[in-house]
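Chemist: If you read the sequences in order, they're chains A and B.
Every position in the first sequence, counted from 1, becomes a number in the numbering used here once 44 is added.
Every position in the second sequence, counted from 1, becomes a number in the numbering used here once 507 is added.
This is the structure, below, for whatever I ask next.
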Amino acid sequence: MRHIHPAEKFAFALTTMIICLALSTSITSLLVILLMAGLVIIAGRIPALFYLKLMFLPMFFLVVGVLTVAFSFSPKDTYPFLWGFKLGGYALGVTAAGLATARELFLKSLGAVSCLYFLSLTTPMVEILAVLRNLKLPSLFIELMTLIYRFIFILLETTEKIFISQSSRWGYATVKTSYFSLGQLGANLLTKSYYHSQMLFTTLLARCYQGNINVLEKPYPLSGKSIAMFTVAELILLALGLWFKA
Amino acid sequence: MRWYVQLKSKPILEAREISFSYADGTQALDKISLSIPRGKKTAFLGPNGAGKTTLFLHFNGILKPNRGKVCYDGREVRYNHTSLLNLRKNVGIVFQDPETQLFSSSVWQEISFGPVNLGLPKEKVWERVNQAMAEAGITDLRDKPTHFLSYGQKKRVAIADILAMKPKVLICDEPTAWLDVKCAAQTMELFDLINHTTGVTIIFSTHDVDLAYSWADYIFLIKNGKIIAEGIPEHIFYNQRLLAEAELDRPWLVDIYEELKRKGWVASNVPPSTKQELLEQIREKNVMVTND
Ligand SMILES: Nc1ncnc2c1ncn2[C@@H]1O[C@H](COP(=O)(O)OP(=O)(O)O)[C@@H](O)[C@H]1O
Ligand SMILES: [Mg+2]
Numbered sequence: 045m046r047h048i049h050p051a052e053k054f055a056f057a058l059t060t061m062i063i064c065l066a067l068s069t070s071i072t073s074l075l076v077i078l079l080m081a082g083l084v085i086i087a088g089r090i091p092a093l094f095y096l097k098l099m100f101l102p103m104f105f106l107v108v109g110v111l112t113v114a115f116s117f118s119p120k121d122t123y124p125f126l127w128g129f130k131l132g133g134y135a136l137g138v139t140a141a142g143l144a145t146a147r148e149l150f151l152k153s154l155g156a157v158s159c160l161y162f163l164s165l166t167t168p169m170v171e172i173l174a175v176l177r178n179l180k181l182p183s184l185f186i187e188l189m190t191l192i193y194r195f196i197f198i199l200l201e202t203t204e205k206i207f208i209s210q211s212s213r214w215g216y217a218t219v220k221t222s223y224f225s226l227g228q229l230g231a232n233l234l235t236k237s238y239y240h241s242q243m244l245f246t247t248l249l250a251r252c253y254q255g256n257i258n259v260l261e262k263p264y265p266l267s268g269k270s271i272a273m274f275t276v277a278e279l280i281l282l283a284l285g286l287w288f289k290a
Numbered sequence: 508m509r510w511y512v513q514l515k516s517k518p519i520l521e522a523r524e525i526s527f528s529y530a531d532g533t534q535a536l537d538k539i540s541l542s543i544p545r546g547k548k549t550a551f552l553g554p555n556g557a558g559k560t561t562l563f564l565h566f567n568g569i570l571k572p573n574r575g576k577v578c579y580d581g582r583e584v585r586y587n588h589t590s591l592l593n594l595r596k597n598v599g600i601v602f603q604d605p606e607t608q609l610f611s612s613s614v615w616q617e618i619s620f621g622p623v624n625l626g627l628p629k630e631k632v633w634e635r636v637n638q639a640m641a642e643a644g645i646t647d648l649r650d651k652p653t654h655f656l657s658y659g660q661k662k663r664v665a666i667a668d669i670l671a672m673k674p675k676v677l678i679c680d681e682p683t684a685w686l687d688v689k690c691a692a693q694t695m696e697l698f699d700l701i702n703h704t705t706g707v708t709i710i711f712s713t714h715d716v717d718l719a720y721s722w723a724d725y726i727f728l729i730k731n732g733k734i735i736a737e738g739i740p741e742h743i744f745y746n747q748r749l750l751a752e753a754e755l756d757r758p759w760l761v762d763i764y765e766e767l768k769r770k771g772w773v774a775s776n777v778p779p780s781t782k783q784e785l786l787e788q789i790r791e792k793n794v795m796v797t798n799d
């Protein structure tokens, strides 16, 4: 998928996500999840197991969020609970409607997440940023994204280095030292990041930085074939979604 | 044989009595005056904290001296926007830690930052990026995100960053720090090549006497923010008193050469500047002995 114009992939991911969110039926969401998984694994050559692991990442937040939707409670006993119990004067339980909403929400979120995964697994961050730039998003916003993206890695690396150096000197041997070490890690991370951003500014200045981070973008040809394929896929998805909804 | 530097040609960079203190009061430079020979490889040799990095930051106007002045190409550096841009176009610095220099997420894009800032047209920028990658030997890394590179690779990208701006002076702060022997040699060979083919003036800092002895045409000894000596490597490293004052070891080549000469086992009277030259001198002597 690397040779496809990033704007095409961006548009595809975005429209699919909109369809998934707008139609808001379990079937459509399921279709989107399967479609994106297929594209990423087959066309994008991402190992299936790795993709599955990635899909499990948002699962925790989703399950917690969706559980609160599935449960309803009422002051009286009249709710048509499938399953429930009493707590003081209140009844707490799961209703059929609640369960349906929860399922819908769960699949919808997972569908939207797979669209984002599709984009980030097939398109490098640089190119996503280039698309956003072409969409005339404010350059401040895009430069912030560029630097934040870079700093996430620096922060992770620094954390890892400090953590290794601490734990190799028994910094996490007991609960007490662990608290102390963790505090030190946090404080050092801040000063190190500050130092790092200062240094980065210096090195940018040394390369004639004038307040704008300007870099080259790779020229990608727009391809009629992939646009057509993406459009057909969207149309089929939309038609199926509408048909199931009706 | 080593090329003997003539300081007669107009120096490319000069410092005249510059002093600099950091905000916390640390005096990093103390009335430094010096001239950098044009088109040569100059080394600043000194221990950590001597002021090498601080001095380099003065050479392209990142830092402004508290007293004294810096001159580029015979003209005093001015600290207004356009003069500074012009200075930084001509004097490029490769910083010691490439980690702090790389910000972009792919190698070729990172390298394009400098040339784009110079306002070059797109095709020219591509040309420069490709050429810089070829020179630094990183063409195969072009699409890699910079954060997945090894330290040595990051260092090469950092060098290519500056090469793409085609500066007249290439400053490299501790070019071989934390590099393995092979990477270090490759880096120095790259500087040699750039210096020979395009006549770019190379300035580097180091605390490694062997590196300075073998690779520099001209050496400044720097300590506690002062220049304590300058000269061609032979003058610096055959002067025991000076080395003692600077608390520097002698390069191993010099030690071995002197010992061999005392024993009469080398032919030439010209001190060798590389291991290869020393070996040749020993072999030559061997031939002479067997011919007798
Ligand atoms: N940002 C800074 N703030 C305060 N002092 C500094 C700063 N950078 C360097 N120094 C001090 O200035 C002196 C010279 O440092 P530096 O130029 O980095 O030396 P070198 O590069 O030769 O190791 C040292 O004493 C150092 O502690
Ligand atoms: Mg330094």
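The C-beta atom is built at its ideal place from N, Cα and C for all residues, glycine as well.
Could you pull out every unbroken beta strand (DSSP E) segment of at least 3 residues lying fully inside the stretch 86-145 of chain A, listed in chain order?
Modeler: Correct list: 115-118, 125-131, 134-139.
Chemist: Using the beta-carbon of each residue, which ones in chain B are nearer than 9 Å to L160 of chain A?
Modeler: Near L160 of chain A there are no residues of chain B at all, since even the closest Cβ is about 17 Å away, more than 9 Å.
Chemist: Do L767 of chain B and V773 of chain B come within 8 Å of each other at the CB atom, strictly closer than that value?
Modeler: yes
Chemist: On the DSSP bridge assignment, give the partners of Q254 of chain A in chain order.
Modeler: DSSP lists no partner for Q254 of chain A.
Chemist: So what's K205 of chain A in DSSP terms, helix, strand or just coil?
Modeler: Secondary structure at K205 of chain A: helix, using DSSP grouped into helix, strand and coil.
Chemist: Pull out every residue of the stretch 192-220 of chain A whose Cβ sits closer than 8 Å to any Cβ of chain B, in chain order.
Modeler: Y193, R194, F197, I198, E201
Chemist: Since E524 of chain B is in the alpha helix (DSSP H), which residue starts that stretch and which ends it?
Modeler: Looking at the DSSP string, E524 of chain B is not in any alpha helix (DSSP H); the run it does join, the beta strand (DSSP E), is 520-528.
Chemist: Cβ closer than 8 Å: which chain A residues qualify as neighbours of K596 of chain B?
Modeler: Correct list: C252.
Chemist: Should P779 of chain B go down as buried or exposed, given a rule of 16 or more other Cβ atoms within 10 Å for buried?
Modeler: buried
Chemist: Alpha carbon to alpha carbon, how far is L625 of chain B from L260 of chain A? Give it in angstroms, no decimals.
Modeler: 12 Å
Chemist: By a C-beta neighbour count over all protein chains shown, 10 Å radius and 16 as the cutoff for buried, is Y725 of chain B buried or exposed?
Modeler: buried
Chemist: Mind listing which residues of the stretch 162-178 of chain A have their C-beta closer than 7 Å to chain B's C-betas, in chain order?
Modeler: P168, M169, V170
Chemist: Comparing the C-beta of H240 of chain A with each C-beta of chain B, is any distance below 8 Å?
Modeler: yes
Chemist: In chain A, which residues lie less than 9 Å from V636 of chain B when you measure between Cβ atoms?
Modeler: L260
Chemist: Kindly indicate the opening and closing residues of the beta strand (DSSP E) around I709 of chain B.
Modeler: 708-713
Chemist: Let me check you understand the geometry: is the CB of K559 of chain B closer than 7 Å to at least one non-hydrogen atom of ligand 1?
Modeler: yes
Chemist: Using the Cβ count rule (16 or more neighbours within 10 Å means buried), how would you classify D668 of chain B?
Modeler: buried
Chemist: Given that L244 of chain A touches chain B, what residues does it touch there, using C-beta distances under 8 Å?
Modeler: T607, Q608, F610
Chemist: Give me the DSSP bridge partner(s) of V716 of chain B.
Modeler: Answer is none; V716 of chain B lacks a bridge partner.
Chemist: How long is the line joining the alpha carbons of E606 of chain B and V688 of chain B, rounded to whole angstroms?
Modeler: 20 Å
Chemist: Are G546 of chain B and T708 of chain B touching if we call contact CB-CB under 8 Å?
Modeler: yes
Chemist: Just reading off the beta strand (DSSP E) that S540 of chain B is part of, what are its end residues?
Modeler: 534-543
Chemist: Just mark H565 of chain B as buried or exposed, buried being the case when its beta carbon has 16 or more other beta carbons within 10 Å.
Modeler: buried
Chemist: Run through chain B and tell me which residues come within less than 7 Å of T247 of chain A, C-beta to C-beta.
Modeler: F602, T607, Q608
Chemist: Taking only beta-carbon atoms, is H654 of chain B less than 8 Å away from chain A?
Modeler: yes
Chemist: Check for me: the beta strand (DSSP E) holding A736 of chain B runs from which residue to which?
Modeler: First-last of the beta strand (DSSP E) with A736 of chain B: 733-738.
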